[in-house]
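Colleague: Have a look at the structure that comes next, please.
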Amino acid sequence: MSDSQQPGLRLVRERRTVALFKPEPPPRELLLAAVDAARWAPNHHLTEPWRFFLLGAASVDAMVEIAGELTLAKRGAGAAKKRRQLMEAVPHWMAVTCRRTEDAFREREDYAACCCAIQNFMLCLWEGGVACKWSTGAVTRDERFYELLGVGREDEMVVGLFSIGYPRIIPEQKRRPVGEILTELA
Ligand SMILES: Cc1cc2nc3c(=O)[nH]c(=O)nc-3n(C[C@H](O)[C@H](O)[C@H](O)COP(=O)(O)O)c2cc1C
């Protein structure tokens, strides 16, 4: 079946990670619709292990401060200034966490469910003409970021930080063909 016969498949194929955004912020309603779509992801034992955070102005300031300090220590003042500017220009920031469990297998399944939820989230945004970048950079692992979100490291893990906006540039991507990744057994 071709893509044109399956509009959903086209959405899956055409979604791209985008780093540069137009200044106008996407409507809050679309962000909420994306969270709504996220929660219909498969999740074993119906654990619904995810939480979504929409950062407001004060939280973004605090996050930019953390990122600036991390970049300053690693790559110097020029890079830190540039990083702050880039981050401040992002229209929306969201974060996703996954509940932690003592059972390692259950935790792995919950993480998988969160990733499914995030794909739903990203596809819903993309359908509305909005892109994002999923980041697992140093900020997402910094103790101060956990404090900012108000989550305890023992209770939840940050699965990703998402910069969100209307794309300025949509990069091209390639994937290996199906023949390279599919094994058909007798
Ligand atoms: C778990 C996960 C973590 C990621 N972390 C980063 C990141 O820290 N920085 C980044 O630029 N992209 C990150 N990405 C986005 C990937 O680089 C991106 O999906 C990949 O280049 C393929 O591009 P596409 O999403 O347009 O198909 C992450 C993606 C996933 C699934």
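Residue numbers for the sequence shown, in this note's numbering: 8 to 193.
Beta carbons are placed, not taken as given, at the ideal position from N, Cα and C, and that holds for glycine.
Since we're looking at a predicted model, the values are computed, not measured.
So if I measure from each beta-carbon to every heavy atom of ligand 1 and keep distances below 5 angstroms, which residues remain?
Modeller: After applying the 5 angstroms Cβ criterion, the set is Arg23, Thr24, Trp141, Ser142, Thr143, Gly144 and Gln180.
Colleague: In this structure, does DSSP put Arg175 in helix, strand or coil?
Modeller: The answer is coil: DSSP assigns Arg175 none of H, G, I, E or B.
Colleague: Count the other C-beta atoms from every protein chain shown that fall within 10 angstroms of the C-beta of Gly144, then say buried if there are 16 or more, exposed otherwise.
Modeller: Gly144 should be labelled exposed.
Colleague: The beta strand (DSSP E) with Thr108 in it runs from where to where?
Modeller: Taken as a continuous stretch (DSSP letters only), Thr108 belongs to no beta strand (DSSP E), as it is neither H nor E.
Colleague: Apart from the five residues just before and just after Pro49, which ones in its own chain have a Cβ nearer than 6 angstroms to its Cβ?
Modeller: Excluding positions up to five away in sequence, the list reads Cys123.
Colleague: Run through the DSSP bridge pairs and tell me what Lys29 is partnered with.
Modeller: Lys29 pairs with nothing; no bridge assigned.
Colleague: Taking C-alpha atoms, which residue in Glu134, Gly167, Phe28 and Gly15 lies nearest to Asp149?
Modeller: It is Gly167 whose Cα lies nearest to the Cα of Asp149.
Colleague: According to DSSP, simplified to helix, strand and coil, what is Trp133?
Modeller: Of the three classes helix, strand and coil, the one that applies to Trp133 here is helix, per DSSP.
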